[in-house]
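Notes follow the structure.
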Amino acid sequence: MAATDEILVLTAINEEEKATEFLVDLVSDGLILSGTFYPVKVVYFWEGEVHIDEEYKVVMKSREGHFADIEKYIIENHHYRAPEVIKVNASFGSDVFKKYLTDNKKM
Numbered sequence: 500m501a502a503t504d505e506i507l508v509l510t511a512i513n514e515e516e517k518a519t520e521f522l523v524d525l526v527s528d529g530l531i532l533s534g535t536f537y538p539v540k541v542v543y544f545w546e547g548e549v550h551i552d553e554e555y556k557v558v559m560k561s562r563e564g565h566f567a568d569i570e571k572y573i574i575e576n577h578h579y580r581a582p583e584v585i586k587v588n589a590s591f592g593s594d595v596f597k598k599y600l601t602d603n604k605k606m
């Protein structure tokens, strides 16, 4: 598997339950291998004002070929008007983890 095939997809959402739902749905659908989320503080500019809020950063491990479907899922299921969807090309490093990715029949 080429290193460019491995990606991380990041988004953020302000509800822990929704972050869990996103990951369960995407793993169940075979679009991501796994994902994590954790609480963060976010500072951003929206509608002419600076805002400071708490969110959950969601990080997902997947393959390039699934990105369009992951992005579509996030946009269709996110309640933000402009949800963050960031794709990062990655190399998962460890041969053991790469084998897990390759052997995962859903991926």
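Numbering-wise (the working numbering), the sequence shown opens with residue 500 and increments by one. The beta-carbon is built from N, C-alpha and C at its ideal position, and this holds for glycine as well. Values in this document were obtained by computation on a predicted structure and should not be read as measured data.
Please list, in chain order, all residues of the same chain as Ala-502 whose beta carbon is under 6 Å from its beta carbon, the five residues on each side excluded.
Low confidence applies here, because Ala-502 scores a pLDDT of 46, under 50, leaving its location unreliable; read the following figure in that light. Closer than 6 Å at the Cβ level, and outside the excluded window around Ala-502, lie Ser-590.
Determine the burial state of Phe-544: buried for a count of at least 16 other Cβ atoms within 10 Å of its Cβ, exposed for fewer.
Result: exposed.
Rounded C-alpha distance that separates Thr-535 from Val-542:
Distance between the alpha carbons of Thr-535 and Val-542 is about 21 Å.
Just the Cα atoms here: how many angstroms apart are Asn-603 and Asp-568?
Answer to the nearest angstrom: the Cα atoms are 18 Å apart.
Over what stretch of residues does the alpha helix (DSSP H) that includes Glu-520 continue unbroken?
It spans 515-527 - the alpha helix (DSSP H) in which Glu-520 sits, taken as one unbroken run.
Measuring alpha carbon to alpha carbon, tell me which residue in Gly-529, Glu-553, Glu-546 is nearest Ser-561.
Comparing Cα-Cα distances from Ser-561 to each of Gly-529, Glu-553, Glu-546, the minimum goes to Gly-529.
Comparing the CB of Glu-563 with every heavy atom of the ligand SAH, is any distance shorter than 7 Å?
For the structure depicted, the ligand SAH is absent and the ligand set is empty, with no information on it obtainable.
Can you look up Phe-566 in the DSSP assignment and give me helix, strand or coil?
Phe-566 carries a helical assignment under DSSP once its states are collapsed to helix, strand and coil.
As a quick exercise: from Glu-505, Glu-514, Phe-566, His-565, pick the residue whose alpha carbon is nearest that of Pro-538.
Answer by Cα proximity: Glu-514.
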